[in-house]
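Residue numbers (the numbering used here): 3 to 345.
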């Protein structure tokens, strides 16, 4: 399966949920500190005028300057700050990427059930539309024959009536055939998205199963203290790198699940705008689909999106509506699309 991945770049602390907590805490610290200094300026001046207190304040100031200038101490404080903010945020928000991925697997299962039903309904509508187009063609031929006979019999009124009816049916068929083309695009995309999403779900399940055990081992061997020591010595923190890769996977899956749900919603709106019984449909539904066609590369479909659009608009590529909905099977030697995140 061709998939589209952006280059894996770990999020900075400020881009993560705990970064929001950190920003609020830091802003509160600065504002609170400023207020306390302003409110107690007289006391501070009194302390500075006392030699002993002045010496203590200078020692504290020197310690602060040392912590700011010394790279190891600065890294340790920064690591401690991030750890505390992550712990506080974790009390209110799910931050565990393994837990997040497990919830996405459940979302995908639910979406796949809905998508399967949507594909079946779309196929039924396309069969009905084919029948309407076919019956219209038969009526066009019949009306043209009657118009020809009326002309031969010099029945001008009947000839005009039948000719106009054939013309209206022909115009209707042109619009209905355009609609069928759009429905074919929808069908091909939904089918391929369904297939690729099945593989995506299996890949996520595999990653969760393998990485959950690996994560436990890494966290057991790389305690918070050991990670802090690694940071101080300038070595990469394996625990943090592993978590960053898992978070990147969770973000990628979130984007794909979001795209899947948006396309399903658009498809449902498109289908709701069609009234085959009366042979009418709203232009808004067509415009929504055309807008999606013109958008960039799909995260779920990758480069396959363009191929699907070309197939749908190629008269030689006949769509078999009687073919069962394809259940994806990973090929032997299939490489998990998320293995590269750990390389």
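Don't be surprised by glycine CBs; every beta carbon is placed ideally from N, CA and C. Predicted model only: the values in this text are computed from it and were never measured.
{"Query": "Cα-Cα separation between residue 327 and residue 193, rounded to whole angstroms", "Result": "7 Å"}
{"Query": "Cβ-Cβ distance between residue 181 and residue 283 below 8 Å", "Result": "yes"}
{"Query": "Given 8 Å, three or more beta-carbon pairs between the segment 285 to 297 and the segment 38 to 46", "Result": "no"}
{"Query": "Exposure of residue 99, with buried meaning 16 or more beta-carbon neighbours within 10 Å", "Result": "buried"}
{"Query": "Pair within 8 Å by beta-carbon distance, residue 127 and residue 278", "Result": "yes"}
{"Query": "Alpha helix (DSSP H) segment containing residue 294, residue limits", "Result": "285 to 296"}
{"Query": "C-alpha gap between residue 96 and residue 109, whole angstroms", "Result": "16 Å"}
{"Query": "Residue 1, DSSP secondary structure in three states", "Result": "This structure cannot settle anything about residue 1, because the visible part of the chain is limited to 3 through 345."}
{"Query": "Residues near residue 3 in its chain [Cβ-Cβ closer than 6 Å; skip 5 each side]", "Result": "Low confidence applies to residue 3: its pLDDT is 47, below 50, so where it sits in the model is not reliable enough to give any reading."}
{"Query": "Counted within 10 angstroms of its Cβ, other Cβ atoms place residue 25 as buried (16 or more) or exposed", "Result": "exposed"}
{"Query": "Which of helix, strand or coil DSSP assigns to residue 57", "Result": "helix"}
{"Query": "Host alpha helix (DSSP H) of residue 130 (start-end)", "Result": "99 to 154"}
{"Query": "Euclidean distance between Cα positions of residue 330 and residue 115", "Result": "14 Å"}
{"Query": "Bridge-paired residues (DSSP) for residue 304", "Result": "300"}
{"Query": "Residue 27 - containing alpha helix (DSSP H), residue span", "Result": "19 to 41"}
{"Query": "Length of the line joining the Cα atoms of residue 158 and residue 173", "Result": "23 Å"}
{"Query": "Three-state class that DSSP yields for residue 215 in the structure shown", "Result": "helix"}
{"Query": "Which of helix, strand or coil DSSP assigns to residue 48", "Result": "helix"}
{"Query": "As assigned by DSSP and simplified to three states, the class of residue 358", "Result": "Residue 358 lies beyond the range of the chain shown here (3 to 345); nothing can be said about it."}
{"Query": "Coil, strand or helix - residue 85 by DSSP", "Result": "helix"}
{"Query": "Cβ neighbours of residue 13 in the same chain (closer than 6 Å, five flanking residues each side left out)", "Result": "none"}
{"Query": "Segment contact, 8 Å Cβ cut-off, at least three pairs: the segment 266 to 276 with the segment 242 to 253", "Result": "no"}
{"Query": "Reference residue 311; option with closest CA among 130, 184, 337 and 134", "Result": "184"}
{"Query": "Rounded C-alpha distance that separates residue 165 from residue 177", "Result": "19 Å"}
{"Query": "Counted within 10 angstroms of its Cβ, other Cβ atoms place residue 306 as buried (16 or more) or exposed", "Result": "buried"}
{"Query": "Alpha-carbon to alpha-carbon, residue 212 and residue 219", "Result": "11 Å"}
{"Query": "Residue 335 (DSSP reduced to helix, strand or coil)", "Result": "coil"}
{"Query": "Residue 203 burial status per 10 Å Cβ neighbour count (16 or more: buried)", "Result": "buried"}
{"Query": "Euclidean distance between Cα positions of residue 254 and residue 339", "Result": "11 Å"}
{"Query": "Nearest neighbour of residue 342, chosen from 292, 250 and 316 [CA to CA]", "Result": "250"}
{"Query": "Cβ-Cβ separation, residue 125 to residue 323 (assumed contact under 8 Å), whole Å", "Result": "5 Å"}
{"Query": "Local conformation of residue 236 per DSSP, three classes", "Result": "The predicted model places residue 236 with a pLDDT of 47, which falls under 50 and marks its position as unreliable, so this point remains unresolved."}
{"Query": "Simplified DSSP assignment, three categories, for residue 204", "Result": "helix"}
{"Query": "With 16 other Cβ atoms within 10 Å as the buried cut-off, status of residue 37", "Result": "exposed"}
{"Query": "Straight-line Cα distance separating residue 161 from residue 175", "Result": "21 Å"}
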